[in-house]
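**Student:** The UniProt record's numbering applies: residue 1 is where the sequence shown begins, and numbers increase by one. Ideal placement from N, C-alpha and C gives every residue a C-beta, glycine not left out. Provided herewith is a single structure, encoded as structure tokens, for subsequent inquiry.
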Amino acid sequence: MREFAVPPVVTVPDDDNTLTALWDAAEHHPDSVLFLRSRDDGATWEDVAATAFRDQVTAAAKGLAAAGVQPGDRVALMSSTRYEWTLLDYAIWAAGAVTVTIYETSSTEQARWILEDSGAVAAIAETPEMAAMIEGLGSAVKNVWTIDEGGVEALGALGEGADVDIEERRTARKAADLATIVYTSGTTGRPKGCMLTHHNLLADIRNVIPEVPNVLYEGARMLMFLPLAHVLARILQVAGIESRTTLAHAKSTRLTAVMPVVKPTTLLAIPRVFEKVYAGAYQKAVDGGKGAIFEKATATAKAYSRALDKPGGPGLGLKLRHKLFDLLVYGKIRAAVGGECTTAVSGGAALGPELGHFFRGVGITIFEGYGLTETSPVLSLNIPTAIKVGSIGRPTPGTALRVADDGELEAKGPQVFPGYWNNDAATAEVLDADGWFKTGDIAVIDDDGYVTITGRKKDIIVTAGGKNVAPGPMEKILDAHPLIAFAIVVGEARPYIGALISVDGDMLPDWLTRHGKDPATAIADLTGDADLLAELQAKVDEANATVSRAEQIKRFRVIPVELSEDAGEITPSVKVKRHVVVEKYSSEVNALYDEARSDTKS
């Protein structure tokens, strides 16, 4: 069993909580700009200083308390990522309560389960439709406020003159107290409520901030567009206030318009976002007749990044090529994300090393990390002084990681949750008596402590020939193609490995136009298109070159629709629900092997 541990650089006092940094900033750095707030969908932005934000938090917290919310009560928050999400999250904490997050895309039944399981006594919804859904569930929720209908202002008015001591409430919350319940979006089964304490969140992020001084610092600007109901965005929200990094909230559909205005110095995203940025840049180059130049620029960026890790760094010839392509290509990519972004943080899923090297070569270093909802979430991270592209970095300070005999990665540290809400049985399955958490991921740790995830334990495919295959690495290579939204490797108890491919509906029209086809052609009408299959086969061949013959994809089929969250095929955090997809498209899976039998007979 290989284990690697890093001692903590920060220890959280027992009487601390997530509100301390905000109150300290308001007192000692009152003019520090904590947020850029837009009231018109990103066209204009206004500064929100520390004192102003603290006062808004206090006002909303008084309203919650006046409405009967008691310390320790659960308050549900259902909204897309926006300024008010953060404001209300901190207000719930200031009232002494616990935030229960609900994705804005959650179904009625998902919301019902979360409200009933958590025992939430109040809720805040973004839209009237969300509020109506919550009110119609017949749960224990007594009050529902609607952000789009003046909910924040209503809370402020309710709290005016109320006999409530918010200062007493906020200081009474201790590090060990529950801060939030985050329900796993769940690729399988009913969501479980992960209990995270103030100590979990603070120990996690306070040990990370000193490691990334060029990412989180006063004056830096971070654009928030991932769902704040997801713990990855949530911990960066806490990190922003802890480090006085300026945060701006935006809808994912508005990124191209917002980034040139906000000019973020760093981005927080999942790999799918970086894949989209690359695919969009490539598509634009191809449409402009500069596809060949872009491909050469891509190869140069990757080579330059790899050379940075070698003694002596890039050679003169590579430096000159890199400088040329910086003028022709890389500068335009940086300009598309605001022109001042030099770093990014990627999490939520594995980022392919090719993509990591490309962006590093372009001038945007992506610090890939790793964690789970149950770990607050950061367990490991590549940092400026210790980066190995393709890995998920080394354990963060205060964290120990080990690989069990069966290859599963286990973690221990102050950020590991105390358990699942109302579910001792599920807790016992993942936490042992010594506090080691079973991540469910298969990993290796090298001699320098860098961790590489090779797959999910439950996703390991065992072919009919007894070969164990981790689908993740192959899927990441395929996902990097502009036309591929999602690739799902299959082959459990089958004679060989196959794959289902979901085509990216955003990239398809341009591809169709370039190939002289109707750009409005539906995906269902292209599953047998020779040109499309040939292009996808080339990417499959590239992926196959990275694995043994027994692990290679022998056949693939194009799914007739693009996978979507609305159809229940992917999670809000953009992970494929593998079992759902394989079952739903079982006829496509069977066809992969029926075709082989037909070929044999003929």
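1. Note down the Cα distance separating Thr385 from Ala522, rounded to an integer number of angstroms.
2. So for Leu267, helix, strand or coil by DSSP?
3. Compute the distance between the beta-carbons of Ile366 and Val345, then report whether it is under 9 angstroms.
4. Quick one: what's got a C-beta closer than 6 angstroms to Ala400's C-beta in the same chain, skipping five residues either side?
5. Of all the alpha helix (DSSP H) runs that stay within the bounds of the segment 462-501, which reach a length of 4 or more residues?
6. Sort Val258, Gly280, Glu168 by Cα distance to Gly96 and report the nearest one.
7. What's the gap between the Cα of Lys584 and the Cα of Thr20?
8. Can you check whether the CB of Ala279 is closer than 9 angstroms to the CB of Met474?
9. May I have the straight-line CA-CA distance separating Ser587 from Ala303, to the nearest angstrom?
10. Is it buried or exposed, His515, if we count other Cβ atoms within 10 angstroms and call 16 or more buried?
11. In chain order, what residues of the same chain lie with their CB nearer than 7 angstroms to the CB of Ala591, ignoring the 5 residues before and after it?
12. Taking buried to mean at least 16 other C-beta atoms within 10 Å of its own C-beta, is Val462 buried or exposed?
13. Which of the three DSSP states is assigned to Val589 in this structure?
14. Per DSSP, which one or two residues make a beta bridge with Ile370?
15. Enumerated in chain order, which unbroken segments of the alpha helix (DSSP H) with a length of 4 residues or greater are wholly contained in the segment 162-214?
16. Comparing C-alpha positions only, which one of Asp89, Gly407, Ala485 sits nearest to Ile570?
17. Quick check on the burial criterion: 16 or more other C-beta atoms within 10 angstroms. Buried or exposed for Asp541?
18. Can you tell me which of Ile387, Leu372, Ile241 puts its alpha carbon nearest to the alpha carbon of His230?
19. Counting C-beta neighbours from all protein chains within 10 Å, is the total for Gln70 16 or more, i.e. buried, or is it exposed?
20. From Pro227 to Ile235, what does the alpha carbon distance come to, in whole angstroms?
21. Do you know how far the Cα of Leu379 is from the Cα of Pro395?
22. Does the distance from the C-beta atom of Tyr593 to that of Gly498 stay below 9 angstroms?
23. For Lys290, which three-state DSSP category applies?
24. Measuring alpha carbon to alpha carbon, tell me which residue in Tyr83, Leu87, Thr180, Glu84 is nearest Gly119.
25. So, Ala257 versus Lys332, is the Cβ gap smaller than 9 angstroms?
26. Taking contact to mean 3 or more Cβ pairs, one atom from each stretch, closer than 8 angstroms, check whether the segment 117-132 and the segment 142-153 are in contact.
27. In whole angstroms, give me the CA-to-CA distance for Gly390 and Arg272.
28. Can you tell me whether Glu242 is buried or exposed, with buried defined as 16 or more other CB within 10 angstroms of its CB?
29. Given this structure, state the Cα-to-Cα distance separating Lys290 from Thr342, to the nearest angstrom.
30. Could you give the distance in angstroms between the alpha-carbon of Ala524 and the alpha-carbon of Leu533?
31. Quick check on the DSSP output: the alpha helix (DSSP H) that includes His29 runs from which residue to which?
32. Secondary structure at residue 615, three-state DSSP: helix, strand or coil?
33. What number of angstroms, rounded off, separates the C-alpha of Thr187 from the C-alpha of Lys577?
34. According to DSSP, Thr101 sits in a beta bridge with which residue or residues?
35. For Val33 and Asp405, what's the separation of their Cα atoms in angstroms?
36. Note down, one range per segment and in chain order, each alpha helix (DSSP H) of at least 4 residues found wholly within the segment 83-157.
**Tutor:** Inspection of the coordinates gives the following:
1. If you draw a straight line from the Cα of Thr385 to the Cα of Ala522, it is about 48 angstroms long.
2. If DSSP states are grouped into helix, strand and coil, Leu267 belongs with the strands.
3. For the pair Ile366 and Val345, the CB atoms are nearer than the 9 angstroms cut-off.
4. The residues are Ala5, Lys412.
5. List check, alpha helix (DSSP H) in window: 471-479.
6. Distances from the CA of Gly96 to each of Val258, Gly280, Glu168 were compared; the closest alpha carbon is that of Glu168.
7. Taking C-alpha positions only, Lys584 is separated from Thr20 by approximately 48 angstroms.
8. Using a Cβ distance threshold of 9 angstroms, Met474 and Ala279 do not count as a contacting pair.
9. Answer to the nearest angstrom: the Cα atoms are 42 angstroms apart.
10. With fewer than 16 Cβ atoms within 10 Å of its Cβ, His515 is classed as exposed.
11. So the qualifying residues of the chain are Arg557.
12. An exposed status is given to Val462, since fewer than 16 other beta-carbon atoms sit within 10 Å of its beta-carbon.
13. Looking at Val589 - three-state DSSP - the assignment turns out to be helix.
14. The sequence given here places Tyr at residue 370; Ile does not occur at that position. Ser380, per the DSSP bridge assignment.
15. Segments of the alpha helix (DSSP H) lying fully in the segment 162-214: 166-172, 198-206.
16. Its Cα nearest to that of Ile570, the residue Ala485 stands out among Asp89, Gly407, Ala485.
17. Residue environment: Asp541 is assigned as exposed (fewer than 16 neighbouring CB atoms within 10 Å of its CB, all protein chains considered).
18. Looking only at Ile387, Leu372, Ile241, the smallest Cα-Cα distance to His230 is reached by Leu372.
19. With fewer than 16 other Cβ atoms from the protein chains shown falling within 10 Å of its own Cβ, Gln70 counts as exposed.
20. Taking the straight line joining both Cα atoms gives about 12 angstroms.
21. Going by the C-alpha atoms only, they are around 6 angstroms apart.
22. Contact: yes.
23. The three-state reading of DSSP puts Lys290 in coil, since its state is none of H, G, I, E or B.
24. Checked all of Tyr83, Leu87, Thr180, Glu84; the closest Cα to Gly119 is Thr180.
25. Cβ atoms of Ala257 and Lys332: not closer than 9 angstroms.
26. Between the segment 117-132 and the segment 142-153, the count of Cβ pairs shorter than 8 angstroms is three or higher; the stretches touch.
27. Looking at the two C-alpha atoms, the distance is approximately 16 angstroms.
28. It counts as buried.
29. In this structure, the alpha-carbon of Lys290 lies about 25 angstroms from that of Thr342.
30. Each residue's alpha carbon lies about 13 angstroms from the other.
31. Taken as a continuous stretch (DSSP letters only), His29 belongs to no alpha helix (DSSP H), as it is neither H nor E.
32. Because the chain is modelled from 1 through 602, residue 615 falls outside the range shown and cannot be assessed.
33. Residue placement at Thr187 is poorly supported in this model, since its pLDDT is 49, which falls under 50; the coordinates still yield a value, given next. Their backbone Cα atoms lie some 5 angstroms apart in a straight line.
34. Note: Thr101 is bridge-paired with Leu77, Val182 in the DSSP secondary-structure output.
35. Looking at the two C-alpha atoms, the distance is approximately 49 angstroms.
36. Here the runs fully enclosed are 83-94, 108-118, 128-135.
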